[in-house]
Amino acid sequence: MLIHYIQESDKAKIPSNYDSPIYYVDNCSSIIPFSKRDKGSLIFGLIGQKKISKIIVDSISMLGRNQIDVLNTIDFLIMNNVSLTSKDEGLETMDEFGRVRSDSILLLNLLKSLANMEYTNRKESQRYGVSKAKDLGRYKGVGGKQLESIEEFFEKPKTVNILRHLRRGESIRRTAKLVGASTGLVQKVKRWSIDNNKLQMF
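Heads up, the sequence shown is in numbering that gives the first Met the number 0, so the first residue is 0 and it goes up one at a time.
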């Protein structure tokens, strides 16, 4: 089944013809992760039932504002043999034979770079904030080290890559080799993912 996905924060801007069954419309903020939206979660459920083969969006930005979330969403679609077409970017992730197109691989690599840049910039801002807080005598970290939250851990680019391979069924040792990480880190990611229900993300 082919569907069109629409995300619009302003309900008044949603045309009435989007009432058609092939249109899935989320009237929400684009900041909300795709899998947490009403229609987004429904779409993932239908994909799990093999009922959707292609999704059309006006822009990639409709999938979310967080690069990591968008990367996970596109990766999930590809792993489930669902083609994604984005009109503004002129992108179609799969060809007519169901093979991943080379430009899709380039897009995923670009998203990884953007996610890494976003994470690095955020950490630099945090370090700057900690430094200023220390200068003012207001820093409340433990032992002078900033505490890392679970969400921050799962937003790390290396953690994201490890999870992608684990979700594909790769072993701990092979995942470690593919992403250039220690087996100890991969084991930690797997253990924390199971504890926080993130290994089966969708």
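For each residue, glycine too, the CB sits at the ideal point set by N, CA and C.
Close beta carbons around residue i, own chain, < 6 Å, minus the five adjacent residues each side
i: residue 79; result: 46
i: residue 50; result: 0
i: residue 160; result: 178
Proximity winner among the options, relative to residue i (alpha-carbon distances)
i: residue 2; options: 8, 9, 21, 10; result: 21
i: residue 171; options: 121, 178, 162, 185; result: 185
i: residue 154; options: 126, 177, 111, 179; result: 111
i: residue 31; options: 97, 57, 62, 42; result: 62
i: residue 165; options: 74, 42, 36, 48; result: 74
i: residue 69; options: 113, 126, 130, 121; result: 113
As assigned by DSSP and simplified to three states, the class of residue i
i: residue 56; result: strand
i: residue 48; result: coil
i: residue 92; result: coil
i: residue 104; result: helix
i: residue 25; result: strand
i: residue 99; result: strand
i: residue 30; result: coil
i: residue 130; result: helix
i: residue 202; result: Missing from the structure shown is residue 202; the chain here goes from 0 to 201 and no further.
Same chain, Cβ closer than 7 Å to residue i, five either side skipped, listed in chain order
i: residue 93; result: 82, 99, 100
i: residue 28; result: 8
i: residue 118; result: 154, 155, 156
Local Cβ density within 10 Å of residue i, reported as buried at 16 or more and exposed below that
i: residue 89; result: exposed
i: residue 71; result: buried
i: residue 194; result: exposed
i: residue 218; result: Limits of the chain in this structure are 0 at one end and 201 at the other, which puts residue 218 out of reach.
i: residue 66; result: buried
i: residue 4; result: buried
i: residue 102; result: exposed
i: residue 105; result: exposed
i: residue 167; result: exposed
i: residue 87; result: exposed
i: residue 85; result: buried
i: residue 126; result: exposed
Spatial neighbours of residue i in its chain, beta-carbon cut-off 8 Å, leaving aside the 5 residues before and after
i: residue 181; result: 175
i: residue 76; result: 46, 54, 82, 83, 92
i: residue 158; result: 152, 188
i: residue 7; result: 13, 24, 25, 26
i: residue 169; result: 177
i: residue 149; result: 191, 195
i: residue 42; result: 2, 4, 23, 51, 54
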